[in-house]
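**Student:** One structure is given below, represented as structure tokens, and several questions about it will come after.
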Amino acid sequence: MLPDFTSPVEFQDRVDSLLVLMARSCPELAVLMIRERISTATLLIIARTAQNLHHLYVRRSQLVEECDWPKNPDWTDEYYQWLRVSSASVEATEREISQILEVENWRALSDEHYKMTSLTKHVDH
Numbered sequence: 001m002l003p004d005f006t007s008p009v010e011f012q013d014r015v016d017s018l019l020v021l022m023a024r025s026c027p028e029l030a031v032l033m034i035r036e037r038i039s040t041a042t043l044l045i046i047a048r049t050a051q052n053l054h055h056l057y058v059r060r061s062q063l064v065e066e067c068d069w070p071k072n073p074d075w076t077d078e079y080y081q082w083l084r085v086s087s088a089s090v091e092a093t094e095r096e097i098s099q100i101l102e103v104e105n106w107r108a109l110s111d112e113h114y115k116m117t118s119l120t121k122h123v124d125h
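Residue numbers are given in the UniProt record's numbering: position 2 of the sequence shown equals residue 2, and the series is strictly consecutive.
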């Protein structure tokens, strides 16, 4: 059972930027499981940034459907436009994540499926 907790609603109070920083700082990141509230734009940035990411687990109920990131000066206009369009809905985000991770029909998980997901299958013993 997932513990009850309240995720901050405002972008500046959420973990979005920290997760993106982790994705940038950990080049060998292959598996990521996120239970906190994040935006669909953050999910796309993580998927694009973490080059070795193969498995991404996120709760659909905790996704905020919007591009709440200000335009980064390092981003091209085309990239920011892609981010805004692709993050406009969970369905559009799922299609893009499928392409980025090269996973057919990647989906954000229901809380029920999220609870059943285990990371132990990804750990080398």
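For each residue, glycine too, the CB sits at the ideal point set by N, CA and C.
1) Within 10 Å of its beta-carbon, does residue 127 have 16 or more other beta-carbons around it, so buried, or fewer, so exposed?
2) With distances taken Cα to Cα, identify the nearest neighbour of P27 among T49, D68, R14, T117.
3) Using DSSP bridges, identify the partner residues of L56.
4) Got a sec, what are the start and stop residues for the alpha helix (DSSP H) W75 sits in?
5) Quick check on DSSP: helix, strand or coil for S87?
6) How close, in whole Å, do the beta carbons of V15 and I38 come, if the pair is a contact with beta carbons under 8 Å?
7) Can you find the residues in the same chain that come closer than 7 Å, C-beta to C-beta, to I100, ignoring five residues on each side of it along the sequence?
8) Quick check on the burial criterion: 16 or more other C-beta atoms within 10 angstroms. Buried or exposed for S61?
9) Apart from the five residues just before and just after A23, which ones in its own chain have a Cβ nearer than 7 Å to its Cβ?
10) Enumerate in chain order the residues of its own chain whose CB-to-CB distance from L83 is below 8 Å, with the five nearest sequence positions on each side excluded.
11) State yes or no: is the C-beta of L19 within less than 9 Å of the C-beta of L32?
12) Would you say E65 and V103 are within 9 Å of each other, going by their C-beta atoms?
**Tutor:** Taking the geometry as given:
1) In the structure as shown, the chain begins at 1 and stops at 125. Residue 127 is therefore absent and cannot be evaluated.
2) For the purposes of this step, residue 27 is taken as residue 27 along the sequence shown, with counting starting at 1. Among T49, D68, R14, T117, the Cα nearest to that of P27 is on T49.
3) For this step, residue 56 is matched to residue 56 along the sequence shown. Answer is L32, bridged to L56.
4) As a first step, residue 75 is located in the sequence shown; it is residue number 75 there, counting from the start. Unbroken run through W75: none, as it is neither H nor E.
5) Start at 1 with the first residue of the sequence shown, and residue 87 comes out as number 87. In the structure shown, S87 sits in coil (DSSP, three-state: anything other than H, G, I, E or B).
6) Taking the sequence shown and counting its residues from 1, the one referred to as residue 15 is at position 15. Taking the sequence shown and counting its residues from 1, the one referred to as residue 38 is at position 38. That belief holds up - the Cβ atoms of V15 and I38 are roughly 7 Å apart, short of 8 Å.
7) The residue labelled residue 100 in the question sits at position 100 within the sequence shown. So the qualifying residues of the chain are A47, R48.
8) Walking along the sequence shown from the start, residue 61 turns up at place 61. By the neighbour-count rule (16 or more Cβ atoms within 10 Å), S61 is not buried but exposed.
9) Counting from 1 along the sequence shown, the entry for residue 23 is found at position 23. Correct list, in chain order: L29, I46, T49, A50.
10) Within the sequence shown, numbered from 1, the residue matching residue 83 stands at position 83. Excluding its 5 nearest sequence neighbours in each direction, L83 has C-beta neighbours in its own chain below 8 Å: A41, L44, I45, C67, W69, W75, listed in chain order.
11) What you label residue 19 is simply residue 19 of the sequence shown in a count that begins at 1. What you label residue 32 is simply residue 32 of the sequence shown in a count that begins at 1. Yes. Within cutoff.
12) Within the sequence shown, the letter at position 65 stands for residue 65. Within the sequence shown, the letter at position 103 stands for residue 103. Going by beta carbons, E65 and V103 fall outside the 9 Å limit.
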